[in-house]
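Some notes on the structure that comes next.
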Ligand code: A2P
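In the working numbering, the protein residues as written are -18 to 276.
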């Protein structure tokens, strides 16, 4: 699995296709991270069908998609996966993740909020969904399966019964939330950590969110290496052993974000960045779904 991939969360329609095409054909990316809930898989698929002119060209790229929370019922899992494959115009995925360990009421509304302001849940246990995901591997629709946004306790439970083990836990990781305990536990159990929001997901609607790219300590380290703050944040995460998926739809930034293999942060710089942690979450469903998921 290539350690650096292009993220596509919040990649805008009419921009995401160009971004993926540029990443694959000009910037040297070999890994694209997708999800049904990003609502842009069809546009990405049009690019894949253009770029993958041979079996070898397809096989050279690592592609992830994710099962959305409304599709957790085992009877819906294969259909959801096939829909992503159809949109992405692929025969198989390299990796399919359970996007969150929570089942929403199945239906057209992908975030069904009840009158009480809380998300409407469905009674589906994680193990039921996981067993249905294992079937996808057996059917050859996906090469491997994993999870996203899982906590240690959720991973501990999952690996107690999984016949096909999760290969990845994709979670929010950046210096303001370094997730050391979660990464160490995953590592001990042969589960790789993929870091989403590695740049602190700037430009989101929340004006109170801290601006990680503007952090003075990050900027000072960037200056010392003649690199950008974004490059330092990506490099820090790679040196921790993570797979990193910065999102961008801007050609220069897509290029900049992969140009991180020609420098190294020293121990002192790593320690300084590690010291910025205060478990801050940019992505917290308690704000959107009324579920205090991470506590
Ligand atoms: P854009 O897509 O307009 O280039 P994250 O991956 O942490 O969620 O961050 C994604 C956000 O960071 C997007 O708003 C993206 O903007 C912006 N971004 C991506 N790469 C860079 C970069 N090298 N410098 C500054 N901002 C960046």
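All residues carry an ideal CB built from backbone N, CA and C; glycine is no exception.
Every value quoted in this text rests on a predicted model; they were computed, and no experiment measured them.
Contact test: residue 202 Cβ vs the ligand A2P heavy atom, cutoff 8 Å: Translated into positions along the chain shown, residue 202 becomes position 221. With a threshold of 8 Å, the Cβ atom of residue 202 does not count as near the ligand A2P, since no heavy atom of the ligand is closer than that.
For review: beta carbons within less than 6 Å of any heavy atom in the ligand A2P: Those residues are -12, 178, 179, 180, 181, 182, 183, 184, 194, 209, 211, 227, 228, 229, 230, 231, 234, 237, 238, given in chain order.
Residues bridged to residue 151 (per DSSP): For the purposes of this step, residue 151 is taken as residue 170 along the chain shown, with counting starting at 1. Bridge partners of residue 151: 129, 175.
Span of the beta strand (DSSP E) around residue 14: Position 33 of the chain shown, counting from 1, holds the residue named residue 14. Boundaries of the beta strand (DSSP E) harbouring residue 14: 12 to 14, taken from the DSSP string.
Residue 134 burial status per 10 Å Cβ neighbour count (16 or more: buried): One-based indexing of the chain shown puts residue 134 at position 153. With fewer than 16 other Cβ atoms inside 10 Å of its own Cβ, residue 134 counts as exposed.
Residue interval of the beta strand (DSSP E) (run including residue 45): As a first step, residue 45 must be located in the chain shown, where it is residue number 64. For residue 45, the uninterrupted beta strand (DSSP E) segment begins and ends at 43 to 48.
Start-end ranges of the alpha helix (DSSP H) lying completely within the segment 186 to 268, minimum 4 residues: Runs of the alpha helix (DSSP H) lying entirely within the segment 186 to 268, each at least 4 residues long, are 197 to 206, 210 to 220, 232 to 239, 248 to 255 in chain order.
Residue closest to residue 35, alpha-carbon to alpha-carbon, out of 72, 100, 200: Position 54 of the chain shown, counted from the first residue, corresponds to residue 35. Nearest neighbour of residue 35 by Cα position, chosen from 72, 100, 200, turns out to be 72.
Selection from -16, 93, 204, 31 that minimises the alpha carbon distance to residue 325: Residue 325 lies beyond the stretch modelled for the chain, which goes from -18 to 276, so this question has no answer here.
Residue 77 - containing beta strand (DSSP E), residue span: In the chain shown, residue 77 corresponds to position 96, counting from 1. Taken as a continuous stretch (DSSP letters only), the beta strand (DSSP E) holding residue 77 covers 76 to 79.
Straight-line Cα distance separating residue 266 from residue 91: Mapped onto the chain shown, residue 91 falls at position 110. Mapped onto the chain shown, residue 266 falls at position 285. Roughly 14 Å between the two C-alpha positions.
Opposing strand residues paired with residue 158 [DSSP bridges]: Walking along the chain shown from the start, residue 158 turns up at place 177. For residue 158, which the question treats as bridged, DSSP gives the partners 155.
Candidates 87, 95, 144: closest to residue 108 by CA position: Position 127 of the chain shown holds residue 108. When C-alpha distances from residue 108 are compared across 87, 95, 144, the shortest belongs to 144.
Sub-9 Å separation of residue 46 and residue 77 beta-carbons: For the purposes of this step, residue 46 is taken as the residue at position 65 of the chain shown. For the purposes of this step, residue 77 is taken as the residue at position 96 of the chain shown. The Cβ atoms of residue 46 and residue 77 lie closer than 9 Å to each other.
Proximity winner among 201, 195, 14, 175, relative to residue 219 (alpha-carbon distances): Here residue 219 refers to the residue found at position 238 of the chain shown. Selected option, being the one with the closest Cα: 175.
Start-to-end residues for the alpha helix (DSSP H) that takes in residue 29: Taking the first residue of the chain shown as 1, we reach residue 29 at position 48. That run of the alpha helix (DSSP H) goes 22 to 32.
Beta-carbon contacts of residue 113 that lie in its chain and below 6 Å, excluding the five residues immediately before and after: As a working note, residue 113 is residue 132 in the chain shown. 55, 58, listed in sequence order.
Where residue 100 sits in the DSSP three-state scheme: The residue you call residue 100 lines up with position 119 of the chain shown. Look at residue 100 here: in three-state DSSP terms it is strand.
CB of residue 225 within 9 Å of CB of residue 183, strictly: Taking the chain shown and counting its residues from 1, the one referred to as residue 225 is at position 244. Taking the chain shown and counting its residues from 1, the one referred to as residue 183 is at position 202. Here residue 225 is not near residue 183, since their CB atoms are 9 Å or more apart.
Under the three-state DSSP convention, the category residue -2 falls into: Translated into the one-based positions of the chain shown, residue -2 becomes position 17. The answer is helix: DSSP assigns residue -2 an H, G or I state.
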